[in-house]
DNA sequence: CACCTTTATTCCATTTTGGAATTAAGATAG
DNA sequence: CTATCTTAATTCCAAAATGGAATAAAGGTG
């Protein structure tokens, strides 16, 4: 039923590699099933992959009445991948082995001085240091994956025009080429939301989940979609701008270039801060007054403090916000029908009730809900989602 | 960069078939390029396909300084496919040859008597008649594709629970099995929106369009999404319920099970009729009063008549509706970033200005619009979109 | 008509694949 | 503890698919 002719098939070895990358440990029987290959062929291919040091044996599975199957896994020392997360407020970098264990990581605030040049310095320094510390040779770093805020041009490896970056110099940055030249390893660029989705999907370790919606609710919002196990790419390499979804025609807007009545004006850290500030200035009573001092300087951290003290005003801000988020989620769920919706970002992880309100509101607005209801969950990778997914992309793109 | 291991590759012959089905006429060189096959292999495979009567030669291409290339196309008489569109208001059926020429078709209103049994009778009668008329043997009908309103279960070939059908008996209908038993040909079931999207995509004949959004605005709304040339399937085989997208929190709702403030309450034939009725009853002056008589019985056809007479009230209804539709479109465009948005259905095809307003409003709300803007267009297949796409699915699913 | 370009086919060596038989390893019953 | 059954893994060999290089065919150009 392929709408367009299928692209040339990957090599059998690559297909085996992908399968093991996803499942962790596999038996030959599982591979036969999953890849429609014969036992004969697998014997040969697995032997080759082992002699190339890509795979290694990993003991035996349980007997089901006869000989126990050999188990295979990736050789964790075959290669290491770096994941780099370039975002507006924080950026981070991490090194992973082939079993996706995080070996080292670093995170820093994107202040006004963090130009592309400085960021690249920082990446290089990190990589040199951890290679020293862990005794990993340069040639065993197989690649660096970059997850960045869009719009980007993935083919050209270019960060195009990330709005509202605190530091100058981020327009039309050929980040992939710059990093490849500096580090001497292959780099790939993808938008951060897609990378995070890939990461969270991997972390689910559930091959039945093949249709997924990922929404990150932090300072701003971004979304990504998976269908049939594949990322849903658009014509442009931009994260999904769920934050620009209009849920209240003629509603307020958050930023100069944003839509009126857009979701980001209701459900985002920026929106919360803005609402708190204006309400306080209108004389609203709250423990925030004591915590913050100047209403114009209220920050998300302060809101969290007030929340911890069970301030009813702040609690209301959060729950109100969450119910709007639920509407935005339902809107996408009704169109895309994912079986799993993963939410990431600070706004929801900070407040359990906000999560449950958002998901309940969303569930209530799902159409034909007796035939279908998605499962809602929180991302498990936290701040590492993007770098994790970006590193995973390196392995996925590896030629074996 | 495959997130999940690729499924087993289709056979080379099938890949060639798909390519010819999409392009119409191809040269060996184009196939070499598109499928990464060598000239040697193609010589063999094309020879086989011709001897199997799947392909036929179709003259020569132009010389570029040397020997002219042979051209290949599908043998239109290799097989014929039937497309069946099962919808709420009208259903239709059509017979196509392998070059997707429509050879015969029929369309009927879904009144209170059109039970599944009667529909199947009608399908059988149609098929018998056109086979007689055109002299096509039973064995040359390679299949029937069904595009139906959801929710459906594609795997089981079941129409599950189509809401608001005028006739009884449409819950949990194993329509595929019933039709296969009656007709003795393989049948496939897909939701109508996906079928229409496939059809309109084929009709574009533009292989550069690989990310598409299709929205049908008729009595209700339905949507479908294509990414990377593939239909974006959800966990459930339901058309996209863009009609349930909430664009005005606490807005009105159209139907009992629908969401408050959902798009369908602003932009659909039902919504127009409802709004016209209530406004007339409030004493609004319009040529509609003369056309319709009873305000409670105003129909879309009457609205179109009033529109033709340039009635300002009705015109306002249409344009207002269109601008809301634009908001709904923008919301999806911002998340999915298609390069092409195709609109089908009676509401927009009836009124040129409505189309232009909807698309302008949508374009205005696209985020990062200097980096990206989708192209908006009307569907070219009109009422045949679903049956066309359903028949196309038959050919796509053909084993060659 | 000689010569160049492009396309198509043929020939043959190489690679890939898959079925069937064989070997290996463990479970189970007596 | 051994005979027998089950499942897994490997080996062997024949069949199928592939691809490179040489050759043939068909057209253009001077």
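Chains as they are written, first to last, in the working numbering: chain A, 1 to 400; chain B, 1001 to 1400.
Backbone N, C-alpha and C fix where the C-beta goes; we use that ideal spot for every residue, glycine too.
Note that this is a predicted model, so its numbers are computed, not measured.
- Task: State the Cα-Cα distance for the pair residue 1298 of chain B and residue 1282 of chain B, rounded to the nearest angstrom.
- Result: For residue 1298 of chain B and residue 1282 of chain B, the distance between alpha carbons rounds to 14 Å.
- chain B contact residues for residue 185 of chain A, given Cβ-Cβ distances below 9 Å: By Cβ distance, chain B contributes nothing, its closest Cβ being about 17 Å from residue 185 of chain A, past 9 Å.
- Message: Run through chain A and tell me which residues come within less than 9 Å of residue 1275 of chain B, C-beta to C-beta.
- Response: Per Cβ cutoff of 9 Å: no residues; residue 1275 of chain B is ~16 Å from chain A at best.
- Could you tell me whether any Cβ in chain A is nearer than 8 Å to the Cβ of residue 1002 of chain B? Confidence is the limiting factor: at residue 1002 of chain B the pLDDT is only 42, short of 50, which leaves the residue's position unreliable, though a coordinate-based value still follows. Closer than 8 Å to some Cβ of chain A, the Cβ of residue 1002 of chain B qualifies, so yes.
- Using a C-beta to C-beta distance shorter than 8 Å, which residues of chain A count as neighbours of residue 1327 of chain B? 246, 249
- Item | residue 226 of chain A - containing beta strand (DSSP E), residue span | 221-227
- In or out: residue 1224 of chain B buried (at least 16 other Cβ within 10 Å) or exposed? buried
- Query: With 8 Å set as the bound, which would you pick, yes or no: does the beta-carbon of residue 386 of chain A sit closer than that to a beta-carbon of chain B?
  - Reply: Residue contact with chain B for residue 386 of chain A: absent (no Cβ-Cβ distance below 8 Å to any residue of chain B).
- Item | chain A residues whose Cβ lies nearer than 8 Å to that of residue 1336 of chain B | 225, 232, 234, 240, listed in chain order.
- Task: Look up residue 1190 of chain B in the DSSP assignment and say whether it is helix, strand or coil.
- Result: strand
- Query: Shortest alpha-carbon distance to residue 349 of chain A belongs to which of A:335, A:268, A:290, A:374?
  - Reply: A:268
- Query: DSSP puts residue 1173 of chain B in a beta bridge; with which residues?
  - Reply: Here residue 1173 of chain B is bridged, per DSSP, to B:1159.
- Query: By Cβ distance below 6 Å, which residues in the same chain neighbour residue 295 of chain A in space, the five residues on each side in sequence not counted?
  - Reply: 277, 280, 281
- In or out: residue 1060 of chain B buried (at least 16 other Cβ within 10 Å) or exposed? exposed
- Any C-beta of chain A sitting closer than 8 Å to the C-beta of residue 1372 of chain B? Taking Cβ atoms only, chain A reaches closer than 8 Å to residue 1372 of chain B, which makes this a yes.
- Message: Is the separation between the beta-carbon of residue 141 of chain A and that of residue 82 of chain A shorter than 8 Å?
- Response: yes
- Could you have a look at residue 305 of chain A and say whether DSSP puts it in helix, strand or coil? helix
- Minimum length 3: unbroken beta strand (DSSP E) runs contained in the segment 1251-1282 of chain B: Taking only runs of at least 3 residues, no beta strand (DSSP E) segment lies wholly in the segment 1251-1282 of chain B.
- residue 336 of chain A in three-state terms, based on DSSP: Helix.
- Message: Is residue 1160 of chain B close to chain A? Criterion is C-beta to C-beta, closer than 8 Å.
- Response: yes
- Query: Do you know offhand how far residue 133 of chain A's Cα is from residue 68 of chain A's?
  - Reply: 40 Å
- Query: In chain order, what residues of the same chain lie with their CB nearer than 7 Å to the CB of residue 1338 of chain B, ignoring the 5 residues before and after it?
  - Reply: 1211, 1212, 1213, 1374
- Message: residue 236 of chain A and residue 168 of chain A - do their beta-carbons sit closer together than 8 Å?
- Response: Not a contact, by the Cβ cut-off of 8 Å.
- Message: If you reduce the DSSP assignment to three classes, tell me which class residue 1205 of chain B lands in.
- Response: coil
- Query: Can you name the residues of chain B whose CB is closer than 9 Å to the CB of residue 151 of chain A?
  - Reply: 1368, 1371, 1372
- Name the chain B residues that come within less than 8 Å of residue 377 of chain A, Cβ to Cβ? Those do not exist, as residue 377 of chain A stays about 14 Å from chain B at its closest Cβ, beyond 8 Å.
- Query: Any Cβ of chain A within less than 8 Å of the Cβ of residue 1330 of chain B?
  - Reply: yes
- Message: Let me confirm a value: residue 385 of chain A is counted as buried when at least 16 other C-beta atoms fall within 10 Å, else exposed. Which label applies?
- Response: buried
- Message: Determine, for residue 1083 of chain B, whether the minimum Cβ-Cβ distance to residues of chain A falls below 8 Å.
- Response: Not an interface residue.
- Query: DSSP state of residue 1393 of chain B, grouped into three classes?
  - Reply: helix
- Query: Comparing alpha-carbon positions, which option in A:62, A:90, A:143 lies nearest residue 80 of chain A?
  - Reply: A:143
- Message: Between residue 1339 of chain B and chain A, is the shortest Cβ-Cβ distance under 8 Å, so that the two count as touching?
- Response: Nearest CB-CB separation between residue 1339 of chain B and chain A: below the 8 Å threshold.
- Please name the residue or residues paired with residue 126 of chain A in a DSSP beta bridge. None, per the DSSP bridge assignment.
- Thinking C-alpha only, which one of B:1208, B:1247, B:1042, B:1227 is nearest residue 1071 of chain B? Comparing Cα-Cα distances from residue 1071 of chain B to each of B:1208, B:1247, B:1042, B:1227, the minimum goes to B:1042.
- Query: Hey, residue 90 of chain A and residue 118 of chain A: beta-carbon distance below 8 Å or not?
  - Reply: no
- Message: Can you check whether the C-beta of residue 228 of chain A is within less than 8 Å of a C-beta belonging to chain B?
- Response: At least one chain B Cβ lies under 8 Å of residue 228 of chain A.
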